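Written out below as structure tokens is the structure these notes cover.
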Amino acid sequence: TGSHLHKINLNVVSHYLLHTYVGAKPLDLVLKPSFPLEISCTISGYSNPYVYWYKWSKADGIKLKFTSLAKDLMDPSEDDGFSASRPEDLQSVLKSTRAPQSDPAVWYCAASAHSVREKVTCCTKT
Numbered sequence: 001t002g003s004h005l006h007k008i009n010l011n012v013v014s015h016y017l018l019h020t021y022v023g024a025k026p027l028d029l030v031l032k033p034s035f036p037l038e039i040s041c042t043i044s045g046y047s048n049p050y051v052y053w054y055k056w057s058k059a060d061g062i063k064l065k066f067t068s069l070a071k072d073l074m075d076p077s078e079d080d081g082f083s084a085s086r087p088e089d090l091q092s093v094l095k096s097t098r099a100p101q102s103d104p105a106v107w108y109c110a111a112s113a114h115s116v117r118e119k120v121t122c123c124t125k126t
């Protein structure tokens with residue numbers, strides 16, 4: 001009939017050396033195009049972490065899409081039909097009002113005690 005299902009996966013990235021755990025709900029979504037989605041990422045084991053959302057697609061590979069250095073700060077807040085927010089120090093939310101009609105993608109939520117910065121010189125201390 002013309003409606004197709006798209007699977008959107010969310011993988012969990014954990015940092016055991018920092019005793020940090022990143023968990024997401026739901027882990028897998030199967031949506032019809034144009035349906036809304038919301039994924040929550042919860043961090044434990046470390047306060048004030050930096051939070052990142054990465055997107056992997058077959059066409060583009062893995063790309064950093066959103067970065068948050070603190071509660072209520074997200075850069076950018078919207079990108080390519082998705083929005084990310086950080087309403088709590090240890091929680092981030094990825095949303096889209098309409099699931100994209102593109103190839104399936106895998107989203108990764110990650111947390112770190114260190115920033116991911118562009119390399120300007122040989123070394124960067126964070």
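The UniProt record's numbering puts the last residue of the sequence shown at 126; the count rises by one with no breaks. Backbone N, C-alpha and C fix where the C-beta goes; we use that ideal spot for every residue, glycine too. If you're wondering where the values come from, they're calculated on a predicted model, not measured in any experiment.
Is it buried or exposed, residue i, if we count other Cβ atoms within 10 angstroms and call 16 or more buried?
i      : result
ILE43  : buried
ALA111 : buried
ARG86  : buried
LEU90  : buried
SER96  : buried
LEU64  : exposed
Just curious, the beta strand (DSSP E) that residue i is in, first and last residue?
i     : result
GLY61 : 61-70
THR42 : 37-44
SER57 : 50-57
When DSSP labels each residue in this structure, what does residue i get in the three-state scheme?
i      : result
ALA110 : strand
GLY90  : The displayed chain sequence assigns Leu, not Gly, to residue 90. Coil.
ASP75  : strand
ALA84  : strand
ALA105 : strand
LEU96  : Note on identity: in this sequence residue 96 is Ser, with Leu being the wrong assignment. If DSSP states are grouped into helix, strand and coil, SER96 belongs with the strands.
Quick one: measure Cβ to Cβ for residue i and residue j, integer angstroms, because I've assumed they're closer than 8 Å.
i     : j     : result
GLU38 : VAL93 : 6 Å
LEU69 : TYR54 : So it is not a contact: roughly 16 Å between Cβ atoms.
ALA99 : PHE35 : 5 Å
ILE67 : TYR46 : Reading the sequence as shown, one finds Thr at residue 67 and not Ile. Actually they do not touch by this definition, with Cβ atoms about 16 Å apart.
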